[in-house]
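Down below is the structure, laid out as structure tokens.
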Amino acid sequence: MKRKLKTLLDIIERLEMLASKVLLVAMIAVVGAQVFFRYILDRPLTWPEELCGFLLIWLTFLVADILVKRKGHVTVEFFFGKLSERTRRIVNLFVNLYIMAFLVFLVVSSIRIETLQIHHVVGAAMRIPKAFYTMAATWAGASMLLSFVYEQWGIIRTLVAPTGEGTE
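Letter 6 of the sequence shown, counting from 1, is numbered 8 in my numbering, and no numbers are missing.
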């Protein structure tokens, strides 16, 4: 079961990385088009700012999830490094539980908000439903939650296993 979850997380990470690259290229192309139309043709477009804002929200949440999967977020390890290995695992366990509680709240709340926002539109030019903005938080929150479940699984396994066992 743990391997299936790891495989799923790896697939999600690859898809998010691909989507992030596409979103970044799209943002660069849209901004480039706006610069061309505004300063070369003197005919600014009405939609690039809205589209770039939408793409930036999705890009931010996708990259945040990728960083969770790669353990790339900033950490403060000055005191943490002075703890024993077992104490570090216990601290990680509780910190991760706190983060997971927040992620559950984020996902549940964003789903509730999406149901209220589905018929409300943001922006005059593109008319993107607000719910599509909120879906970025739902997706990334759920994916991060899966990542923390996987990590907790490993921490608990190493805490309950006899010394030298339970590590993969």
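Backbone N, C-alpha and C fix where the C-beta goes; we use that ideal spot for every residue, glycine too.
Since we're looking at a predicted model, the values are computed, not measured.
When secondary structure is reduced to three states using DSSP, I130 falls in the strand class. Counting only residues of its own chain and dropping the five nearest sequence neighbours on each side, Q36 has a CB closer than 6 Å to the CB of L47, P50. 7 Å or more divides the Cβ of A138 from the Cβ of Q119. 7 Å or more divides the Cβ of L53 from the Cβ of L25. Scanning its chain for C-beta atoms nearer than 7 Å, with the 5 sequence neighbours on each side dropped, one finds around Y135 the residues F56, I59, V124, in chain order. With distances taken between CA atoms, G74 lies nearest to S149 out of V110, R88, S149.
The DSSP-derived three-state label of V76 is coil. Under a 10 Å Cβ-count criterion, S86 is classified as exposed, with fewer than 16 other Cβ atoms of the shown protein chains found around its own Cβ. Per the Cβ contact rule, the segment 3-10 is in contact with the segment 152-164 (3 or more Cβ pairs under 8 Å). Exclusion of the five residues before and after E116 leaves A133, T136, M137, T140 as the residues of its chain whose Cβ lies within less than 8 Å of its Cβ. Here the C-alpha atom of K84 lies approximately 14 Å from the C-alpha atom of N94. A direct Cα-to-Cα measurement between R90 and E79 gives close to 10 Å. Cβ-Cβ distances below 8 Å link F39 to R45, P46, L47 in the same chain, with the five nearest sequence neighbours on each side left out; the list follows chain order. Secondary structure in the segment 9-78: the alpha helix (DSSP H) runs of 4 residues or longer, each lying completely within the stretch, are 50-71 in chain order.
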